[in-house]
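Per my numbering, the sequence shown starts with residue 8, numbered consecutively. Positions of the beta carbon are idealized from the N, C-alpha and C atoms, including for glycine. Remember, it's a predicted structure, so these values are computed and weren't measured experimentally.
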Amino acid sequence: MAAQMESIAVPNIEELFRPTHDERARQSLVSMLRKHAIIDLRAKVRSEYEDKVAPELSARGQTVKDWRDIESAMADDPVHRIYSSLRYNAQEMCYQSVQPAVERALPSMIDLARDLAARNPTGGSLQLDPSLPIPRYLNALDVHLAPGWVTAEHTHDDVAQGAVVAFGGKVFTGQHPYRKRPGVVAESIAYWIKKTRPGFNPRRILDLGTTTGKNLLPYKTAFPKAEAHGIDCGAPVLRYAHALAEHEGIAVHFSQQNAEHTNFVDGHFDLIVSSFFLHEIPGKATRAVLNECFRLLAPGGLMIHMELPDAASVTDYENFFWNWDTTNNNEPFYTSYRDQDPIALAAGAGFDRAKAFKLTIPDSASFGEERYAKFLAGEIQAPAHGSGGWFIHGAEK
Ligand SMILES: C[S@@+](CC[C@H](N)C(=O)[O-])C[C@H]1O[C@@H](n2cnc3c(N)ncnc32)[C@H](O)[C@@H]1O
Numbered sequence: 008m009a010a011q012m013e014s015i016a017v018p019n020i021e022e023l024f025r026p027t028h029d030e031r032a033r034q035s036l037v038s039m040l041r042k043h044a045i046i047d048l049r050a051k052v053r054s055e056y057e058d059k060v061a062p063e064l065s066a067r068g069q070t071v072k073d074w075r076d077i078e079s080a081m082a083d084d085p086v087h088r089i090y091s092s093l094r095y096n097a098q099e100m101c102y103q104s105v106q107p108a109v110e111r112a113l114p115s116m117i118d119l120a121r122d123l124a125a126r127n128p129t130g131g132s133l134q135l136d137p138s139l140p141i142p143r144y145l146n147a148l149d150v151h152l153a154p155g156w157v158t159a160e161h162t163h164d165d166v167a168q169g170a171v172v173a174f175g176g177k178v179f180t181g182q183h184p185y186r187k188r189p190g191v192v193a194e195s196i197a198y199w200i201k202k203t204r205p206g207f208n209p210r211r212i213l214d215l216g217t218t219t220g221k222n223l224l225p226y227k228t229a230f231p232k233a234e235a236h237g238i239d240c241g242a243p244v245l246r247y248a249h250a251l252a253e254h255e256g257i258a259v260h261f262s263q264q265n266a267e268h269t270n271f272v273d274g275h276f277d278l279i280v281s282s283f284f285l286h287e288i289p290g291k292a293t294r295a296v297l298n299e300c301f302r303l304l305a306p307g308g309l310m311i312h313m314e315l316p317d318a319a320s321v322t323d324y325e326n327f328f329w330n331w332d333t334t335n336n337n338e339p340f341y342t343s344y345r346d347q348d349p350i351a352l353a354a355g356a357g358f359d360r361a362k363a364f365k366l367t368i369p370d371s372a373s374f375g376e377e378r379y380a381k382f383l384a385g386e387i388q389a390p391a392h393g394s395g396g397w398f399i400h401g402a403e404k
């Protein structure tokens with residue numbers, strides 16, 4: 008019976024997305040524009056600051072106290088303005104470039120997601136809670152400049168925002184839209200856990216702010232016996248996440264919950280993770296989420312968040328670079344989140360400060376075994392966050 012079930016292919020919701028030739032061309036252009044902004048122009052902005060603006064400041068006797076002084080000095084700089092303008096517009100266009108194809112595919116995507124949610128062929132599940140109050144910080148603005156972000160619903164059982172965020176994200180990272188790539192963050196963290204804690208075998212894993220589950224599935228692959236859970240406030244992204252996981256043959260339990268206070272019982276999880284999540288919520292919510300992590304972790308459990316490096320971990324110039332999103336990308340909590348000390352946050356939630364950590368780990372797919380061994384031995388450092396490394400923080404309970 009099991010063998011018979013395995014042979015029945017579960018349809019792939021991603022394959023329903025079929026952009027026309029012109030739409031593909033537009034997506035390629037947007038990917039290139041964004042890459043040009045975030046790689047080439049980013050480097051030019053840095054040399055503009057180092058070679059021109061900083062010497063001018065110093066010639067005028069002005070000292071740079073922190074990143075805000077750099078931001079003021081660069082505000083009218085033409086290279087920085089071109090970079091900002093291109094980056095902002097490319098970001099908006101990432102989502103716009105996939106919307107027409109998602110709209111055409113929507114009825115069949117909804118039918119498929121509905122069918123999989125009713126059947127759960129891999130044994131996963133989807134639990135939505137239409138009465139869940141959506142936090143204002145999630146829907147008061149189009150986070151990431153994505154219209155409707157993860158919560159907008161225009162029709163019954165809508166999955167559109169799941170598809171827009173998933174495919175817009177592929178355009179954003181230049182994998183658009185056909186190259187399949189796993190959640191590289193989750194892969195890298197799972198790899199690091201296995202290398203640093205060989206005996207660690209979580210019974211249950213929870214991913215907070217899972218969106219479409221991209222950075223949850225690799226944990227289930229790394230720890231196949233664990234029960235995997237993903238929560239998010241957005242129903243459309245969870246429907247999409249569930250359909251994707253079922254297609255991958257990976258049993259995941261998705262539920263619509265606020266990570267500040269969930270319905271799981273105390274000590275239910277051994278591994279709690281998140282990626283690209285905490286910087287999107289205000290400080291009060293961050294503290295509530297970390298308190299919840301402490302409550303939900305069993306003794307010996309592990310909490311790991313992949314996040315932006317905190318302000319104290321990087322230079323003034325890098326703080327200027329990272330905080331760009333606060334004013335330009337509809338991510339109002341970027342700066343205030345980064346101003347916090349991750350170790351103090353963990354301690355404030357009840358974790359033993361001595362068991363809290365923050366570090367940058369290598370991207371496991373690109374770093375190579377030999378260099379990884381050197382990293383673990385403390386002989387070399389991981390590349391910077393976002394350039395071949397991932398900043399993580401967390402604690403053991
Ligand atoms: C940038 S996305 C995370 C991306 C995802 N973790 C990944 O790696 O692909 C942030 C997610 O956090 C979710 N979120 C924000 N506040 C939340 C809360 N209080 N509880 C649960 N999910 C939340 C948002 O709905 C959104 O899907």
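Check this for me: beta carbons of residue i and residue j, under 8 Å apart or not?
i    : j    : result
T217 : G237 : yes
A250 : L113 : no
F207 : V109 : no
L366 : I387 : no
E323 : W74  : In the sequence as presented, Glu is not what sits at residue 323; that position holds Asp. Their beta carbons are under 8 Å apart, which means D323 touches W74 by this criterion.
E30  : P107 : yes
L304 : F276 : yes
A258 : G131 : yes
A173 : L93  : no
Y102 : G175 : yes
L152 : Y90  : no
L245 : F261 : yes
W199 : I368 : yes
D164 : R121 : yes
S104 : Q182 : no
L285 : E314 : yes
V166 : Y247 : yes
V52  : A97  : no
From what residue to what residue does the beta strand (DSSP E) around residue i run?
i    : result
L278 : F276 to S282
S262 : V259 to Q263
Looking at residue i and ligand 3, is the gap between the Cβ and the nearest heavy atom below 7 Å?
i   : result
P85 : Ligands displayed in this structure: ligand 1; ligand 3 is not among them.
Quick check on residue i: does DSSP put it in helix, strand or coil?
i    : result
A391 : coil
H268 : coil
N380 : Note on residue identity: the sequence assigns Ala, not Asn, to residue 380. In this structure, A380 counts as helix in the three-state DSSP scheme.
N19  : coil
K105 : The residue asked about is misnamed: residue 105 is Val in this sequence, not Lys. In this structure, V105 counts as coil in the three-state DSSP scheme.
Q11  : With a pLDDT of 41 at Q11, under the threshold of 50, the modelled position of this residue cannot be trusted, and the question is left open.
R209 : First, the residue type needs correcting, since residue 209 is Pro and not Arg in the sequence shown. P209 falls in the coil class under three-state DSSP.
N336 : coil
D273 : coil
H71  : Reading off the sequence shown, one finds Val at residue 71, where the question assumed His. Coil at V71, not helix or strand.
P349 : helix
F24  : coil
R204 : coil
R53  : helix
D29  : helix
E386 : coil
D76  : helix
G355 : helix
D84  : coil
A233 : coil
I288 : coil
S115 : helix
List the endpoints of the continuous alpha helix (DSSP H) containing residue i.
i    : result
E255 : A242 to E255
H43  : Neither: H43 is in no alpha helix (DSSP H) and is coded neither H nor E.
D341 : The question names Asp, but residue 341 is Tyr in the sequence shown. Here the alpha helix (DSSP H) through Y341 covers Y341 to R345.
F63  : According to the sequence displayed, residue 63 carries Glu and not Phe. Here the alpha helix (DSSP H) through E63 covers A61 to A66.
T228 : L224 to A229
Name the DSSP beta bridge partners of residue i, please?
i    : result
W397 : I368
A124 : A124 is not bridged to any residue.
E402 : First, the amino acid is wrong: residue 402 is Ala here, not Glu. M310 and A363.
L215 : I238 and S281
Margin query: So within the region 130-195, which uninterrupted beta strand (DSSP E) runs reach at least 3 residues, ignoring any that extend past its ends?
Written below: Within the region 130-195, the complete beta strand (DSSP E) runs of at least 3 residues are 132-134.
Notebook entry, point to check: Taking the runs of the beta strand (DSSP E) that are 3 residues or longer, which of them lie wholly in the region 296-333?
Noted result: Complete beta strand (DSSP E) runs here, min 3: 304-313.
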